[in-house]
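The structure appears right after this line, and notes come after that.
Numbering (my numbering), first residue to last: 1179 to 1563.
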């Protein structure tokens, strides 16, 4: 990771030095930038490899970690800028579109007292983006950290099924290759922490859901899980409790597009994508990106419930789930197998082949006190060839 000098802001002022009041802030870890050498996603889209990103401005920094700043493309013909907000770099090719479509999610305050947040939720009402964000964060943060909540009782529904799927995938990999690990679609971050604890390697979690990344970075920097837990309708209980996870020093979280990752080819020996395949705009592009960023002989662990929705993925891009009159009868599993079998499909993905497969792994998503979604996951391990 190259750092541009000098480091004044755009008005010519020097970057503010950290003080003791900053110690609770989340921050971008320079260690990950230096090791992973992220590239401009726009430049990378137009060439085999991208131009390195450099630190252009640091506005707030704590113990060598950037809290607020701007990164830019080192290519003089590009020089695109990427913000670091709350310690999370937004390394997204179409950044303008992302921020214009998600202003609430990027700028949403997390320091309001629960009664005020409840009042705002009542005013905005059901179906608002604020309502959607709270529902999503509630469901996934509970699945990621609910097992660590001291208020949880033996009678409560047991969270953490996602970790069981991850463990099964790593067992299928057998020998985890040494080197940095990419966790795509990390959500609230528990799988990223678990990978770091299991392997001792540098692990990067990436996702486009900014509020979930904020939950993850809260655990990373403050050892605190803080999220709204939905009771019913617009009624939420604010959960906040200490979380002690080993290996946190090897973890960081970035906002990245799974179909346009900001890394040069061969950066990672292992990539994990739990329940991402049916949540991206183009599953085929996602698989191609994994093939690109994996080293030769590298492995990827993927799970999916094939819960296709046109809101996340256009029907034309679904892997199965339609055209049941075709030879594969609309089977998502069969379409994925064909795509990752050399020569089996005209829409196959070059560079990946399946080496292990499991089915019917449980995954549970809590909606509210009286509703839970139960999924059965299909898991594959693919090798970079």
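For each residue, glycine too, the CB sits at the ideal point set by N, CA and C.
Here the structure is a predicted model, which means the values were calculated and not measured.
Quiz item: Looking at C-beta atoms only, is the number of pairs between the region 1306-1319 and the region 1502-1522 that lie closer than 8 Å three or more?
Solution: Output reads no: the region 1502-1522 does not touch the region 1306-1319.
Quiz prompt | Start-to-end residues for the beta strand (DSSP E) that takes in residue 1171 | solution = Here the chain has residues from 1179 to 1563 only, and residue 1171 is not among them.
Quiz item: By a C-beta neighbour count over all protein chains shown, 10 Å radius and 16 as the cutoff for buried, is residue 1298 buried or exposed?
Solution: Using a 10 angstroms sphere on the CB of residue 1298, the tally of other CB atoms stays under 16, which defines it as exposed.
Self-check item: Minimum C-alpha distance to residue 1229 - residue among 1439, 1263 and 1490
Solution: Looking only at 1439, 1263 and 1490, the smallest Cα-Cα distance to residue 1229 is reached by 1439.
Quiz item: Run through DSSP, which three-state label would residue 1302 get?
Solution: Note: residue 1302 maps to helix in three-state DSSP.
Quiz prompt | Proximity below 8 Å, CB of residue 1403 to CB of residue 1364 | solution = Against a cut-off of 8 Å, the Cβ pair of residue 1364 and residue 1403 comes out as no contact.
Self-check item: Reduced DSSP secondary structure (H/G/I, E/B, other) of residue 1458
Solution: In the three-state DSSP reduction, residue 1458 falls in the coil class, being neither helix nor strand.
Quiz prompt | Stretch-stretch touch, CB-based, cutoff 8 Å, three pairs: the region 1443-1450 with the region 1349-1360 | solution = At 8 Å Cβ cutoff, the stretches touch.
Self-check item: residue 1239 burial status per 10 Å Cβ neighbour count (16 or more: buried)
Solution: By the 10 Å Cβ count, residue 1239 comes out buried.
Quiz item: For residue 1366 versus residue 1414, is the C-beta spacing smaller than 8 Å?
Solution: Contact flag unset, no.
Quiz item: Under the rule that 16 or more other beta-carbon atoms within 10 Å means buried, what is residue 1557, buried or exposed?
Solution: Buried.
Quiz item: Going by beta carbon distance, what residues of the same chain come within less than 7 Å of residue 1392, once the five residues before and after it are set aside?
Solution: 1264 and 1288, listed in sequence order.
Quiz item: Per DSSP, residue 1366 is paired with what?
Solution: For residue 1366, which the question treats as bridged, DSSP gives no partner whatsoever.
Quiz item: Around the Cβ of residue 1191, are there at least 16 other Cβ atoms within 10 angstroms (buried) or fewer (exposed)?
Solution: The predicted position of residue 1191 is uncertain, since its pLDDT is 35 and thus under 50; a value taken from the coordinates is nonetheless stated next. Classification for residue 1191: exposed.
Quiz prompt | Spatial distance of residue 1260 from residue 1268 (CA atoms) | solution = Looking at the backbone, the Cα of residue 1260 and that of residue 1268 are separated by about 6 Å.
Exercise. Please name the residue or residues paired with residue 1431 in a DSSP beta bridge.
Key: For residue 1431, which the question treats as bridged, DSSP gives the partners 1383.
Quiz item: Candidates 1562, 1542, 1538 and 1545: which alpha carbon is nearest residue 1554's?
Solution: If we check each option's Cα against that of residue 1554, 1538 comes out closest.
Quiz item: Cα-Cα, which of 1387, 1465, 1502 and 1449 is closest to residue 1282?
Solution: The shortest C-alpha separation from residue 1282 is found at 1387.
Exercise. Using alpha carbons as the reference points, say which of 1286, 1274, 1305 and 1424 lies closest to residue 1381.
Key: Across the set 1286, 1274, 1305 and 1424, the C-alpha of 1424 shows the shortest separation from the C-alpha of residue 1381.
Quiz item: Just the Cα atoms here: how many angstroms apart are residue 1369 and residue 1452?
Solution: Whole-angstrom Cα-Cα distance: 9 Å.
Self-check item: DSSP state of residue 1249 mapped onto helix, strand, coil
Solution: It is a strand residue.
Quiz item: First and last residue of the alpha helix (DSSP H) that includes residue 1350?
Solution: Per DSSP, residue 1350 belongs to the alpha helix (DSSP H) from 1339-1351.
Quiz item: Between residue 1399 and residue 1292, is the Cβ-Cβ spacing less than 8 Å?
Solution: Not a contact, by the Cβ cut-off of 8 Å.
Quiz item: When the distance is taken between beta carbons, is residue 1436 closer than 8 Å to residue 1450?
Solution: With contacts defined as CB atoms closer than 8 Å, residue 1450 and residue 1436 fail to qualify as a contacting pair.
Practice problem: Could you work out which residue in 1389, 1235, 1379 and 1215 is closest to residue 1284 when comparing CA atoms only? | Solution: Ranking 1389, 1235, 1379 and 1215 by CA distance to the CA of residue 1284 puts 1389 first.
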